[in-house]
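Peer 1: Just dropping this structure here.
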Amino acid sequence: MTQEQAEQATYDVVELQDKWRPIWEKLEPFKAGQREGAEKRYALTMFPYPSGDLHMGHAEVTALHDVLARYWWLKGFDVLNPIGWDSFGLPAENAAIKRNENPAGWTYANIETQAESFKRYGISFDWSRRLHTSDPEYYRWTQWIFLKLYEAGLAYRKKSPVNWCPNDQTVLANEQVVNGECERCGATVTKRDLTQWYFRTTAYAEELYNGLDTLQDTWIGKVVNMQRNWIGRSEGAHVDFDITLTDGGTKKVTVFTTRPDTLYGATFMVVAADADLAAEIVAPDRAAALESYLEDVRKASDIDRLATDRPKTGVDLGVTATNPVTGEQIPVWAADYVLADYGTGAVMAVPAHDQRDLDFAKAFDLPVRRVVDVPGADNPEETYVATAGDGAYVNSPELEGVADKASGIHKIIEKLEAEGHGKGTINYRLRDWLLSRQRYWGAPIPIIHCPVDGEVPVPEDQLPVQLPELKGADLKPKGVSPLAAATEWVNVTCPKCGGPATRDSDTMDTFVDSSWYFLRYLSPTDETQAFSSEAAREWGPVDFYLGGDEHAVLHLLYARFFTKALRDIGLIDWDEPFSAYLSQGKVINGGKKMSKSLGNGVNLSDVLEEFGVDATRLTLVFASPPEDNIDWADVSPAGSVKFLQRAWRLAGDVTSEPGVSFDDGDVALRRTTHKTVAEAEQLIDSYRFNVVVARVMELVNATRKAIDSGCGPADPAVREAAETVAILLSLVAPYTAEEMWERLGHEPTVARAAWPTPLPHLLVEDSVTAVVQIKGKVRARLEVSPSISEADLEAAALADPSIAAAIEGQTVRKVIVRAPKLVNIVV
1 MTQEQAEQAT YDVVELQDKW RPIWEKLEPF KAGQREGAEK RYALTMFPYP SGDLHMGHAE
61 VTALHDVLAR YWWLKGFDVL NPIGWDSFGL PAENAAIKRN ENPAGWTYAN IETQAESFKR
121 YGISFDWSRR LHTSDPEYYR WTQWIFLKLY EAGLAYRKKS PVNWCPNDQT VLANEQVVNG
181 ECERCGATVT KRDLTQWYFR TTAYAEELYN GLDTLQDTWI GKVVNMQRNW IGRSEGAHVD
241 FDITLTDGGT KKVTVFTTRP DTLYGATFMV VAADADLAAE IVAPDRAAAL ESYLEDVRKA
301 SDIDRLATDR PKTGVDLGVT ATNPVTGEQI PVWAADYVLA DYGTGAVMAV PAHDQRDLDF
361 AKAFDLPVRR VVDVPGADNP EETYVATAGD GAYVNSPELE GVADKASGIH KIIEKLEAEG
421 HGKGTINYRL RDWLLSRQRY WGAPIPIIHC PVDGEVPVPE DQLPVQLPEL KGADLKPKGV
481 SPLAAATEWV NVTCPKCGGP ATRDSDTMDT FVDSSWYFLR YLSPTDETQA FSSEAAREWG
541 PVDFYLGGDE HAVLHLLYAR FFTKALRDIG LIDWDEPFSA YLSQGKVING GKKMSKSLGN
601 GVNLSDVLEE FGVDATRLTL VFASPPEDNI DWADVSPAGS VKFLQRAWRL AGDVTSEPGV
661 SFDDGDVALR RTTHKTVAEA EQLIDSYRFN VVVARVMELV NATRKAIDSG CGPADPAVRE
721 AAETVAILLS LVAPYTAEEM WERLGHEPTV ARAAWPTPLP HLLVEDSVTA VVQIKGKVRA
781 RLEVSPSISE ADLEAAALAD PSIAAAIEGQ TVRKVIVRAP KLVNIVV
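According to UniProt numbering, the stretch in the sequence shown is residues 1 to 827, in order.
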């Protein structure tokens, strides 16, 4: 391009987008597997749900993710960066009910809208690996994996109290209840007794917990601690209590406690009112009272039941248990502040040292016995304020005189084990994953129920079990799955005995789909297997995963469970799915979450129309570190447009030819260029993408300054700097970078250009600025060699005319030298 052509050209963002998108789609520069022999890298961002067009959150996460994916391509790696849609779920089903249609229509229309927007947005996805979890070709393998887990004893069915959303008419896993409300619709969650399918996540509790140690340094954000807290590892003891029943028999009940050393203070036992145990042991004359109490208990959420400020209620079950260390008969009560799915649904109550137990004891006039004398604390028997600290043991014959809590716990565990009343153990808060859903738009559970043979897996050659075509009113929540009413679909022949049988009418939690999708990306069109184990060895595990911390417990924990289970089945040979994870912040506006009701929503399509793709991406990446929130009110996409114009004009100013030797270029500008590249590598590796943008801006300014100060547009250093700007800018502003690359005389695409190699000799400074102080005040600055000795630096400082004049007539008492940057003279 001639200088005259460069001056006449204009920066038109719409024109650039229309020009380059079809070229990229033809060239397919981001198709994985094209670099034979190159080291492989797997970059993954959490796949979207197709609830409408892309929003600001999608714009942020994919712009951030693309920085690293494109960087890896430039560094010469063979990169897998796939895209798909998490396309089952309640929003589609609810939309279908309103529109009197099947959820597939709404779902796939939204997918096409989002796909078009992603392509416009210029993300470096490998579109040849696109998948949708609602495709029968996908959920066939979701069902296959379910059956493999079933064969391994990791999928099972049981009756238990479950979280029930009365609005969505479906059960929820514990993780899907937030502050007592359904995370989807916000309805207050209640309890119901249902027979449901579970995955045995507790079988991997210890490995899931310990595995976090290996991820501590590479999972950026608070996610590791969130997972640790959810898994909830506790050391303590299982203690056996013998309950004396009214018919003269006994029943052994085991409870878990982290403080077996307080057993002497256990003055009663509490059983969850809705636990099967309560109904088993209740005295006949108390059964009616328990049943009446249960009606109220089932109306309360787990959050409410565990609240410390809630009035304590309960029912005396009319039986007693034997305290294994005191031999005392202690009363057994049913209450709502103990949960049925925690351990055996029973706890030993030590009211002096647990406030909820103490409140219960006060409400029902039960005994309180202090067994730990906490220094400075009042006696809880008198104040009804529980003491939870450490101190000397009292009222505990075996422990009085024992020096500390650890020794006390050890001694009681020894006693329990010796007398056959318990043992030391480790307990986890983690519960098995409830995966049944009483809704239509999900993967059907591939089990047939036969009155003769019981649970019968659907034969593999009959997979997928496809959803029947239902729509509108047939999808409305009924308390059971809509599939139960699809008689032609649900009534089948038992594969085992040939007799009449029925399909399981529940569908799977959508988190099942997303727990293995990263594996399906490895071979998304393979009709013979869920994924290629060979490809898993080549590509896995995922090298970098980016997503929000709203999935820090649910999705990441479930994906880790699936990975370990599939490893043990023999399908993969690695332990963790995601080697590195970065949790990005949110895009807010005016200090608040974007909301239509607040009137502060920002429509992504409007932003793209006004400022263009590149300016939007640049703004989101430059705004803050990835893990921090971005306040749209504080950023300037208009400023990003102006910067991109300056960078674009820089390419048009270069008059040297491609391939010119850079060695003859201006040394100062070359140093700036190579220093920028070296710093960018370090910044990208530490996810400081916003600072990379700042460095590119500085390089553009330095290049413009060099041209204006006499370096000249024909100088090879100017071309080197402009090409470097184009390459670095391609990480965040691909349209502008591609146009710069063409203006500089290169064939597309800049995304496949090699990452510049910073030359060591250009990273070493010719001189540094040494500050000379007299009594702490700066009196001179000297340009010296970086390798100057302390003696030579002192001599140069004292010989400087301004320093000599400043100390004239005074005695130099001391000279402190820190070569090559500081001289401090004390006079």
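Idealized CB from N, CA, C, for every residue including glycine.
Looking only at its own chain, which residues have a Cβ that is under 8 Å from the Cβ of M740, when we skip the five neighbours before and after it?
Peer 2: Excluding residues up to 5 positions away in sequence, A647, W648, L650, A651, A722, V725, A726, L729, V750 lie with their Cβ nearer than 8 Å to the Cβ of M740 in the same chain.
Peer 1: Give the DSSP-derived three-state secondary structure of I788 in the structure shown.
Peer 2: Here I788 sits in coil by DSSP.
Peer 1: Using the beta-carbon count (16 or more within 10 Å), is V224 buried or exposed?
Peer 2: buried
Peer 1: So T344 and V239 are in contact, right, with Cβ under 8 Å, and what is the actual spacing, rounded?
Peer 2: Contact doesn't hold; Cβ gap of about 11 Å is too wide.
Peer 1: Taking C-alpha atoms, which residue in I807, H449, V826, P756 lies nearest to P500?
Peer 2: H449
Peer 1: Less than 8 Å separating the beta-carbons of S661 and P716?
Peer 2: yes
Peer 1: Count the other C-beta atoms from every protein chain shown that fall within 10 angstroms of the C-beta of E4, then say buried if there are 16 or more, exposed otherwise.
Peer 2: Bear in mind that the predicted position of E4 carries a pLDDT of just 48, short of 50, making it too unreliable to give a figure here.
Peer 1: Have a look at residue 859 and I684 and give me their C-alpha separation to the nearest angstrom.
Peer 2: Because the chain is modelled from 1 through 827, residue 859 falls outside the range shown and cannot be assessed.
Peer 1: Specify, as a first and last residue, the run of the beta strand (DSSP E) that H449 falls within.
Peer 2: 447 to 450
Peer 1: Is M56 closer than 8 Å to residue 875 when the C-beta atoms are compared?
Peer 2: The question about residue 875 has no answer here: the residues shown for the chain are numbered 1 through 827.
Peer 1: Can you tell me whether H761 is buried or exposed, with buried defined as 16 or more other CB within 10 angstroms of its CB?
Peer 2: Residue environment analysis places H761 among the exposed positions, since fewer than 16 neighbouring C-beta atoms fall within 10 angstroms of its C-beta.
Peer 1: Can you grab the Cα-Cα spacing for the pair N690 / T619, in whole Å?
Peer 2: For N690 and T619, the distance between alpha carbons rounds to 9 Å.
Peer 1: Which residue from N427, G612, S533, A638 puts its Cα closest to that of A203?
Peer 2: N427
Peer 1: Do you know whose CA, among P482, P464, A484, K496, lies nearest E455's CA?
Peer 2: Ranking the options by Cα distance to E455, first place goes to K496.
Peer 1: Looking only at its own chain, which residues have a Cβ that is under 7 Å from the Cβ of T555, when we skip the five neighbours before and after it?
Peer 2: Here residue 555 turns out to be His, not Thr, going by the sequence shown. Answer for H555: F511, S514, listed in chain order.
Peer 1: In its own chain, which residues sit with a C-beta less than 6 Å from the C-beta of R41, not counting the 5 before and 5 after it?
Peer 2: W72, F77, V79, D543
Peer 1: Please report the straight-line C-alpha distance between E679 and E790, rounded to a whole angstrom.
Peer 2: 29 Å
Peer 1: By alpha-carbon positions, which one of E291, D86, V607, K675 ends up nearest to A278?
Peer 2: Of E291, D86, V607, K675, the residue nearest in Cα terms is E291.
Peer 1: Of all the options F199, A173, S124, which has the alpha carbon lying nearest to the alpha carbon of A152?
Peer 2: Selected option, being the one with the closest Cα: F199.
Peer 1: When you compare the region 550 to 567 with the region 51 to 68, are there three or more beta-carbon pairs, one atom per stretch, that lie closer than 8 Å?
Peer 2: These segments do not touch.
Peer 1: Whole angstroms is fine: what's the gap from T425's alpha carbon to R259's?
Peer 2: 12 Å
Peer 1: Find the nearest neighbour of D168 within the set P161, I97, E657, judged by alpha-carbon distance.
Peer 2: I97
Peer 1: Specify the secondary structure class of R537 as computed by DSSP and reduced to three states.
Peer 2: Correct three-state label for R537: helix.
Peer 1: Let me know if V14 comes out buried or exposed under the rule of 16 or more other beta-carbons within 10 Å of its beta-carbon.
Peer 2: exposed
Peer 1: Keeping to the same chain, check which residues put their C-beta closer than 6 Å to that of D359; ignore five residues upstream and five downstream.
Peer 2: Within the same chain, and ignoring the five residues on either side of D359 in sequence, the residues whose Cβ sits closer than 6 Å to its Cβ are K312.
Peer 1: Can you find the residues in the same chain that come closer than 6 Å, C-beta to C-beta, to M1, ignoring five residues on each side of it along the sequence?
Peer 2: Residue confidence is low: M1 scores 49 on pLDDT, short of 50, so the model does not pin down where it sits. Its coordinate-derived value is still stated next. The residues are R743.
Peer 1: Please tell me whether V827 and I788 are closer than 8 Å, where the distance is taken between their beta carbons.
Peer 2: Contact annotation: V827 and I788 have beta-carbon atoms that are not nearer than 8 Å.
Peer 1: So which of W141, E60, A754 has the shortest CA-CA distance to E527?
Peer 2: W141
Peer 1: Apart from the five residues on each side of it in sequence, which residues of its chain come closer than 6 Å, Cβ to Cβ, to D341?
Peer 2: R431
Peer 1: Apart from the five residues just before and just after K471, which ones in its own chain have a Cβ nearer than 7 Å to its Cβ?
Peer 2: A96, N100, E101, N102
Peer 1: Under 8 Å: do the region 456 to 476 and the region 432 to 444 share three or more Cβ pairs, one atom per stretch?
Peer 2: Segments in contact, yes.
Peer 1: For Y558 and A300, what's the separation of their Cα atoms in angstroms?
Peer 2: 27 Å
Peer 1: According to DSSP, is D663 helix, strand or coil?
Peer 2: Looking at D663 - three-state DSSP - the assignment turns out to be helix.
Peer 1: Take W755 and list the residues in its own chain whose beta-carbon comes closer than 6 Å to its own, dropping the five residues that flank it on each side.
Peer 2: L74, K75
Peer 1: Would you call the region 377 to 394 in contact with the region 226 to 246, where contact means no fewer than 3 C-beta pairs closer than 8 Å?
Peer 2: no
Peer 1: Strictly by DSSP, which residues pair up with C182?
Peer 2: V177
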